[in-house]
Amino acid sequence: MKSKSTKPSRTKKSTATTKTVLVIGLGNMGSALVRGILKSPLKDSLQLKLFDHKPELLDQFESVSGVERLSSIKATGVSTADVVILCTKPQDLPSVAKLIAGKIKPSSLVISILAAITTDKLAQTLKFKGGIVRAMPNIAATVGEAATAMCQNSHCNDTHMELAHQIFTSFGTASWTKESLMDAVTGLSGSGPAYIYMVIESMTDGGVKMGMPRPLALELATQTVLGSAQLVQTTGLHPAILRDQVTTPGGTTISAVHELEERGLRAMLISAVATATEKSKSLAQG
Ligand SMILES: NC(=O)c1ccc[n+]([C@@H]2O[C@H](COP(=O)([O-])OP(=O)(O)OC[C@H]3O[C@@H](n4cnc5c(N)ncnc54)[C@H](OP(=O)(O)O)[C@@H]3O)[C@@H](O)[C@H]2O)c1
Numbered sequence: 617m618k619s620k621s622t623k624p625s626r627t628k629k630s631t632a633t634t635k636t637v638l639v640i641g642l643g644n645m646g647s648a649l650v651r652g653i654l655k656s657p658l659k660d661s662l663q664l665k666l667f668d669h670k671p672e673l674l675d676q677f678e679s680v681s682g683v684e685r686l687s688s689i690k691a692t693g694v695s696t697a698d699v700v701i702l703c704t705k706p707q708d709l710p711s712v713a714k715l716i717a718g719k720i721k722p723s724s725l726v727i728s729i730l731a732a733i734t735t736d737k738l739a740q741t742l743k744f745k746g747g748i749v750r751a752m753p754n755i756a757a758t759v760g761e762a763a764t765a766m767c768q769n770s771h772c773n774d775t776h777m778e779l780a781h782q783i784f785t786s787f788g789t790a791s792w793t794k795e796s797l798m799d800a801v802t803g804l805s806g807s808g809p810a811y812i813y814m815v816i817e818s819m820t821d822g823g824v825k826m827g828m829p830r831p832l833a834l835e836l837a838t839q840t841v842l843g844s845a846q847l848v849q850t851t852g853l854h855p856a857i858l859r860d861q862v863t864t865p866g867g868t869t870i871s872a873v874h875e876l877e878e879r880g881l882r883a884m885l886i887s888a889v890a891t892a893t894e895k896s897k898s899l900a901q902g
């Protein structure tokens with residue numbers, strides 16, 4: 617199993633031949649994914665075909681060069697695609713399968729971001745025996761900062777994997793992992809933005825409680841989360857070391873750290889990831 621975690625290679629040259637990529641579903645994630653690709657050098661080597669049954673979602677890509685908006689998926693939309701990216705809700709897979717099952721070229725790559733849908737289930741539902749990459753990005757794709765983990769089935773070749781990696785690093789970081797960890801990925805980084813929004817909201821309320829105007833409190837809380845995350849990423853230091861560096865003996869921070877420990881902040885977050893993982897597993901089974 618390959619395991620690779622990479623920072624976005626935004627200046628990397630893309631594959632030489634033009635590939636046709638069909639994206640199905642242009643909601644939050646589908647449109648973020650397309651925007652990410654369009655902002656990256658990868659766009660020069662891809663011909664994007666977009667499909668969603670809501671015309672207003674297609675309209676956001678009107679007059680964008682290198683993008684074709686499909687008003688329906690005719691056989692040609694699928695059979696000419698080198699890559700098919702599924703960005704609908706998991707429960708919409710049967711309706712997508714009605715449109716594309718059995719029509720995807722055997723040499724093509726199917727990429728799915730559908731939570732809790734395994735590569736085996738995709739292969740079976742889409743009647744497709746080729747390469748499948750299952751990926752779990754998160755909503756930070758919208759600002760080019762997604763954290764994505766991906767796994768592949770046994771029919772994926774190196775070209776498939778390189779292409780999938782290029783697509784997901786065009787709007788954030790992307791790591792390969794094994795499929796058995798994809799529910800945990802959902803519990804950590806797929807759902808994770810919601811946990812961090814709650815942290816930002818609570819820190820903001822703390823500032824407001826202490827008399828701060830809300831806009832100032834929100835700005836300080838948001839930038840504190842952003843800057844702290846960047847410090848972890850750029851220094852490569854363990855978060856505990858960074859925390860110790862800002863914890864003066866007898867100071868304010870250690871008093872707050874004690875409070876957080878007493879009230880179980882860390883245990884709560886560990887449990888949150890575990891609970892979301894279990895939920896993802898149960899959805900997969902159901
Ligand atoms: N949102 C997140 O934070 C997040 C994070 C990681 C992964 N994901 C995964 O990303 C996927 C998409 O999530 P999302 O939040 O982007 O959902 P979304 O906003 O609901 O977007 C899905 C889009 O696909 C359309 N659609 C449904 N069936 C279709 C069909 N047969 N043909 C064409 N278009 C169709 C939907 O239209 P209708 O609304 O009319 O059905 C909608 O516009 C999900 O599977 C989710 O598990 C989401």
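For what it's worth, my numbering labels the leading residue of the sequence shown as 617, then goes sequentially.
The beta-carbon is built from N, C-alpha and C at its ideal position, and this holds for glycine as well.
No experiment lies behind these values; they were computed from the predicted model shown.
#1: Drop a sphere of 10 angstroms on the beta-carbon of ALA837, count the other beta-carbons inside from all chains shown, and report buried for 16 or more, exposed for fewer.
#2: Is it right to say ARG750 is buried, meaning 16 or more other beta carbons lie within 10 angstroms of its own, or is it exposed?
#3: Output the residue ranges of the beta strand (DSSP E) runs that lie fully inside the region 712 to 747 and measure 3 residues or longer, sorted by chain position.
#4: Quick check on this structure: which residue in GLN663, THR802 and MET752 has the alpha carbon closest to the alpha carbon of GLY788?
#5: In chain order, what residues place their C-beta within less than 7 angstroms of a heavy atom belonging to ligand 1?
#6: Helix, strand or coil: how does DSSP classify PHE784 here?
#7: For LEU903 versus VAL694, is the C-beta spacing smaller than 8 angstroms?
#8: Tell me whether MET826 sits in a helix, a strand or coil according to DSSP, three-state version.
#9: If you check the beta carbons only, do LYS635 and LEU779 fall under 8 angstroms apart?
#10: For LYS707, which of helix, strand or coil comes out of DSSP?
#11: Using 8 angstroms as the Cβ pair cut-off and three pairs as the minimum, do the region 754 to 774 and the region 694 to 714 touch?
#12: Would you mind giving the Cβ-Cβ distance between LEU658 and ILE783, rounded to the nearest angstrom? I have them listed as a contact below 8 angstroms.
#13: Which one or two residues does DSSP pair with GLU835 in a beta bridge?
#14: Please say whether ALA763 and SER728 have beta carbons closer to each other than 8 angstroms?
#15: Just curious, the beta strand (DSSP E) that LYS665 is in, first and last residue?
#16: Spell out the partners DSSP gives VAL873 in its beta bridges.
#17: Report the residue from VAL683, GLY746, GLY747 and GLU761 whose alpha carbon sits nearest the alpha carbon of MET957.
#18: Cα separation between VAL824 and MET814?
#19: Determine whether the beta carbon atoms of ALA890 and GLY803 lie at a separation below 8 angstroms.
#20: Hey, would you say LEU686 sits closer than 8 angstroms to SER647, going by beta carbons?
#21: Would you say the beta carbon of GLN740 is closer than 7 angstroms to some non-hydrogen atom of ligand 3?
#22: According to DSSP, is LYS895 part of a helix, a strand, or is it coil?
#23: What do you reckon, are the CB atoms on ILE812 and VAL848 nearer than 8 angstroms?
#24: For VAL801, which option in VAL683, GLU877, ALA888 and ILE748 has the closest C-alpha, if you only look at C-alpha atoms?
#25: Of the residues VAL700, LEU654 and CYS703, which one's Cα is nearest the Cα of GLY682?
#26: Take the Cβ of HIS874 as the centre, count every other Cβ of all protein chains shown within 10 Å, and call the residue buried at 16 or more, exposed below.
From the atom records:
#1: buried
#2: Flag for ARG750 reads buried.
#3: 725 to 728
#4: If we check each option's Cα against that of GLY788, MET752 comes out closest.
#5: ILE640, GLY641, LEU642, GLY643, ASN644, MET645, GLY646, PHE667, ASP668, HIS669, LYS670, LEU673, CYS703, THR704, LYS705, PRO706, ASP708, SER711, VAL712, LEU715, ILE729, LEU730, ALA731, MET752, PRO753, ASN754, ILE755, GLY806 and PRO809
#6: helix
#7: Residue 903 is absent from the model: the chain starts at 617 and stops at 902.
#8: Assignment of MET826 by DSSP, reduced to helix, strand and coil, places it in the coil class.
#9: yes
#10: Lys is not the amino acid found at residue 707; the sequence shown has Gln there. The answer is helix: DSSP assigns GLN707 an H, G or I state.
#11: no
#12: 7 angstroms
#13: Its beta-bridge partners do not exist; DSSP assigns none.
#14: No.
#15: First-last of the beta strand (DSSP E) with LYS665: 662 to 667.
#16: DSSP, once it has assigned bridges, lists no residue as partnering VAL873.
#17: The question about residue 957 has no answer, for the chain in this structure spans 617 to 902.
#18: Each residue's alpha carbon lies about 15 angstroms from the other.
#19: The answer is yes: Cβ separation under 8 angstroms.
#20: no
#21: Ligands in the displayed structure: ligand 1; ligand 3 is not one of them.
#22: DSSP places LYS895 in helix when its eight states are reduced to three.
#23: no
#24: ALA888
#25: LEU654
#26: exposed
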